[in-house]
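Residues in the sequence shown are numbered from 1 upward in steps of one, following UniProt numbering. From the three backbone atoms N, C-alpha and C, an ideal C-beta is built for every residue, glycine too.
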Amino acid sequence: MLDDVTPDLVRDWHSEMQARLREELAAKDAARVRREKGAAKGARKDRRPRQLTQVSVRDGFATVARAYRLLHAVYTTAVEDDLVTSNPCRIKGASSGNAAERPVLSIPEVLALAEEVPDRYEALVQLLVWSGLRIGEAAALQRRDLDLTPGYASLSVRRRALSSRPRQGQHPDDLSPDASPSSNTGSASRPLKRPRSTCTPPSTTDAASPSEWTSWLRSPALSEG
């Protein structure tokens with residue numbers, strides 16, 4: 001039965017999947033547009049129909065790509081086990097789906113997030129946004145890594161935090177990552193992005209003042225060095 005699947009059959013299946021996907025998405029988006037038009041006049045819409053269509057198509061073709069990758073993997077194993085002589089999945093690029101664009105938070109959204117997280121993580125949120133550090137690098141920072149010279153704040157990245165999967169019955173929050181030397185980067189100094197000196201505290205605007213930065217960076221959220 002595995003031998004009955006030919007490259008032409010796989011191509012036909014792949015084309016049919018894409019065509020069926022387009023039809024289903026077109027029908028769903030048409031229904032969505034009708035619902036939006038029937039909404040109360042002046043109601044706020046989060047997305048335009050065209051944007052919805054683009055997102056739906058991208059997600060749909062990612063589903064087709066995953067299905068093709070699974071079929072390709074099945075036949076790769078079949079070839080290795082001498083069940084078939086060759087892999088019929090030979091469509092170039094069919095395994096690659098367009099990755100969805102990662103959402104980017106606005107400055108007000110970042111500040112709102114910082115206010116919602118527990119107090120000990122507030123400085124971490126601000127630091128990740130404005131310094132560009134990876135989460136492992138930020139989690140491994142110690143006080144000695146920070147230089148709070150007036151007018152120019154910088155930090156040195158010497159290590160990154162590594163954590164393992166929680167054991168059975170262990171909550172992820174109970175994990176205590178160990179700081180260990182980074183395997184691919186040495187010590188590097190990165191300047192912190194400093195906001196304008198005329199800004200008021202972040203609770204009232206979209207930027208933080210230098211004094212607020214100093215307070216956050218000295219908070220208990222950063223471990224003792």
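Practice task
Kindly indicate which residue of Glu-24, Ala-114, Gly-136 and Ser-95 has the alpha-carbon position closest to the one of Val-10.
Solution key: Between Val-10 and the set Glu-24, Ala-114, Gly-136 and Ser-95, the nearest pair of CA atoms involves Ser-95.
Practice task
Could you have a look at Asp-3 and say whether DSSP puts it in helix, strand or coil?
Solution key: Helix, per DSSP.
Exercise for the section: Give the secondary structure of Asp-173 by DSSP, where H, G and I count as helix, E and B as strand, and everything else as coil. Expected result: With a pLDDT of 46 at Asp-173, under the threshold of 50, the predicted position of this residue should be treated as unreliable, and no value is reported.
Practice task
Determine the DSSP secondary structure at Leu-83, reduced to helix, strand or coil.
Solution key: DSSP places Leu-83 in coil when its eight states are reduced to three.
Problem - Helix, strand or coil at Arg-155 according to DSSP, with G and I counted as helix - result: In the sequence under discussion, the amino acid at residue 155 is Leu, which differs from the Arg named in the question. In the structure shown, Leu-155 sits in a strand (DSSP, three-state: E or B).
Practice task
Using a threshold of 8 Å, state whether the C-beta atoms of residue 308 and Val-125 are closer than that.
Solution key: Here the chain has residues from 1 to 225 only, and residue 308 is not among them.
Practice task
Return the bridge partner residues of Gln-18 from the DSSP annotation.
Solution key: DSSP, once it has assigned bridges, lists no residue as partnering Gln-18.
Handout entry: Nearest candidate by alpha-carbon position, reference Met-1, set Val-117, Leu-146 and Ala-78
Key = Looking at the Cα atoms, Ala-78 is the closest of the given residues.
Practice task
Please list, in chain order, all residues of the same chain as Ser-183 whose beta carbon is under 8 Å from its beta carbon, the five residues on each side excluded.
Solution key: Low local confidence applies: a pLDDT of 34 at Ser-183 is under 50, so the model's placement there is unreliable, with the coordinate-based value given in what follows. Around Ser-183, the same chain offers no residue with a beta carbon nearer than 8 Å, after the five sequence neighbours per side are excluded.
Handout entry: Proximity below 8 Å, CB of Asn-87 to CB of Tyr-75
Key = A contact, by the Cβ cut-off of 8 Å.
Handout entry: C-beta contact flag for Ala-140 and Leu-128 at 8 Å
Key = The Cβ atoms of Ala-140 and Leu-128 do not sit closer than 8 Å to each other.
Handout entry: Residue from Asp-3, Phe-61, Glu-80 and Ser-131 with nearest C-alpha to Glu-16
Key = Closest option to Glu-16, Cα to Cα, is Phe-61.
Problem - Beta-carbon proximity check, Val-84 vs Asp-3, cutoff 8 Å - result: A contact, by the Cβ cut-off of 8 Å.
Handout entry: Distance between beta carbons of Leu-146 and Leu-133, contact taken as under 8 Å
Key = Wrong, their Cβ atoms sit about 12 Å apart, outside the cutoff.
Exercise for the section: Could you check what DSSP says for Leu-128 in three-state terms: helix, strand or coil? Expected result: Leu-128: helix per DSSP, three-state reduction.
Handout entry: Simplified DSSP assignment, three categories, for Leu-9
Key = Assignment of Leu-9 by DSSP, reduced to helix, strand and coil, places it in the helix class.
Exercise for the section: Could you tell me if the beta carbon of Thr-63 falls within a distance shorter than 7 Å of some heavy atom in the ligand NAP? Expected result: Judged by which ligands are present, the structure shown has none, so any question about the ligand NAP falls away.
Problem - Own chain, CB closer than 7 Å to Arg-90, minus 5 neighbours either side, in chain order - result: Sequence-distant partners of Arg-90 (beyond 5 residues in either direction) whose C-beta falls short of 7 Å from its own C-beta, in its chain, are Pro-7.
Exercise for the section: Assign Leu-148 to one of three DSSP states: helix, strand, or coil. Expected result: DSSP places Leu-148 in coil when its eight states are reduced to three.
Practice task
Just the C-alpha distance for Glu-116 and Gly-151, rounded to the nearest angstrom, thanks.
Solution key: Near 29 Å, if we compare the C-alpha coordinates of Gly-151 and Glu-116.
Practice task
Give a yes or no on whether the C-beta atoms belonging to Val-64 and Leu-25 are separated by under 8 Å.
Solution key: Between Val-64 and Leu-25, the C-beta spacing is not below 8 Å.
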